[in-house]
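Participant: My questions will all concern the structure given below.
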Amino acid sequence: MVRTLAAEHLNSDHPIAGRGAMTDAMSDASAKKSVTRRAALAGLAGAALTAPQLGAIQSAAAQSRSDFELELLPSLRSRTQASGIRYGCAGGPPIGDYDPIVLEKLSAEANLFVPEAHLKWFTTEPRPGEFDFAAADSIADYAARHDMIMHGHTLVWYAANPDWVMHLDSAKDARAALERHIGTLVSRYRGKIWAWDVVNEAIEPKEGLENGYRGSVWYRLLGGEHIELACKLARAADPKVPLGINDFGIEYTAADSRRRRQDLLALLRRLRDRNVPVDYLGLQSHLECHKTLDRKELTEFLRSVTDLGYKLLVTELDVNDVQIRGDDAARDAAVERHTGDYLDIVFSVARPLSISTWGLTDRYTWMRQYFKRADGTALRPLPLDVNFNRKRMWAALARHLSA
Ligand code: XIL
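Quick note on numbering: this note's numbering labels position 242 of the sequence shown as 947, and the sequence is numbered without any gaps.
Shown next as structure tokens:
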């Protein structure tokens, strides 16, 4: 059941309040804003207000009226009913260890759960032929309980492999490993997976290899053929589930983006020519707010992809604001604009079957490990802030998920 936000914010037992919640990630400013928001929401719920609370409401209304109104709008999930586009979120830890607030928000906002690590090889097959599905199964159960489905991420990648995979040393062994791994995972989750990212990040033009392939363990032992093999194995294990090639770094005017678009399109053409079972291109969409979207060339690229018969999925959207100057409001506005501009381009070519963000709240984002802002504040790349309040980016998603 989805509780109203007013009730949620007023409940002193709510885990946000219960924990004290002042993590290092929260600035004083955002903590103050949270208090004013709570007061404002109290007003909406009709509670008796003190003078300071009233003042706080007025100032919240003046400062961030539109932010505050976002809390009252129907969830992203509810918008997907009319549009048919699923909204997904990646989530990190096993369900049992997960922040309960995130789980609650996640099932309220999303109808697709993307395991951030727990379908990756190092989790599912840590030793040859010894599978561990505890974490993935708990996610599948959570998804089923909340009438969600799970996105399959990912079967074949250069990273997140156990050592034994990285040390495979013959084509025969590599082929056998792929057969066992893909066959086991895809069969096990038949009917529970919405779509499988079969090959993740196969392209890395910087490495200078033929066709822009990335020099993964799979490429080293099997060449570009590993992609075809992986897709065929997945199709044999589940004749129905949509299968995809998932990649990143294709959005901008910079030369490396152009190169990636070219190499990725060429790969998708080769796969079509050879009748390889691939249904979609997963657009990871790890956006970088300070860069310029290549509206013209990205549109042409996406059109070529859909002309080849591929569907589009937005699989890992987040917006890196590491170089955006200004206060939270200015940064959030930039992130909203960038998200909206990007999704406008995608939608101008085709409606994606799903839009997934790589996380839900700025409190938990992989980007923190990799990017630090010069002013020391935390990144704001996701639809909810560190206090689980909807941000302007949420509004950009809401518009597109309703479209
Ligand atoms: C990332 C996870 O979010 C991190 O927690 C982990 O340390 C590394 O992998 N592209 C992908 C994802 O396809 O699997 C990556 O996930 C982010 C980039």
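Don't be surprised by glycine CBs; every beta carbon is placed ideally from N, CA and C.
(1) Please confirm whether isoleucine 950 and leucine 973 have their CB atoms less than 9 Å apart.
(2) Determine the contact status of alanine 864 and glutamate 830, defining contact as a CB-CB distance below 9 Å.
(3) Please classify glutamine 786: is it buried, with 16 or more other beta-carbons within 10 angstroms of its beta-carbon, or exposed?
(4) Is histidine 1105 closer than 9 Å to isoleucine 1050 when the C-beta atoms are compared?
(5) I think arginine 880 touches leucine 934, with their Cβ atoms under 8 Å apart; what is that distance to the nearest whole Å?
(6) Report all residues from its chain with a CB closer than 6 Å to the CB of proline 757; omit the five preceding and five following residues, and keep chain order.
(7) On the CB-based measure, 16 or more other CB atoms within 10 Å of its CB, does glutamate 835 come out buried or exposed?
(8) Given this structure, state the Cα-to-Cα distance separating alanine 734 from arginine 964, to the nearest angstrom.
(9) Considering only heavy atoms of the ligand XIL, does any lie closer than 8 Å to the CB of glycine 857?
(10) Looking at the ligand XIL, does it come within less than 8 Å of tryptophan 1071, judged from the CB to the closest heavy atom?
(11) With distance defined between alpha-carbon atoms, name the residue in Ala939, Trp862, Ala845, Gly1045 nearest to threonine 889.
(12) Does the segment 1032 to 1049 come into contact with the segment 991 to 1002, if we say contact requires no fewer than three beta-carbon pairs (one atom in each stretch) closer than 8 Å?
(13) Which value, in whole angstroms, describes the spacing of the CA atoms of glycine 1045 and arginine 832?
(14) Buried or exposed: leucine 778, going by 16 or more other Cβ atoms within 10 Å of its Cβ?
(15) Grouping DSSP H, G and I as helix and E and B as strand, with all else coil, what is isoleucine 950?
(16) How should methionine 727 be labelled, buried or exposed, when 16 other C-beta atoms within 10 angstroms of its C-beta is the threshold for buried?
(17) Within the continuous beta strand (DSSP E) that includes methionine 1098, where are the two ends?
Facilitator: With the structure as the only source:
(1) yes
(2) no
(3) exposed
(4) no
(5) 7 Å
(6) Confidence is the limiting factor: at proline 757 the pLDDT is only 46, short of 50, which leaves the residue's position unreliable and the question unanswerable from this model.
(7) exposed
(8) Its pLDDT being 38, under 50, alanine 734 is placed unreliably by the model, and nothing is read from it.
(9) no
(10) yes
(11) Ala939
(12) yes
(13) 43 Å
(14) exposed
(15) strand
(16) A caution first: methionine 727 carries a pLDDT of 24, below 50, which makes its placement in the model too unreliable to give a value.
(17) Careful: methionine 1098 lies outside any beta strand (DSSP E), inside the alpha helix (DSSP H) at 1097 to 1106.
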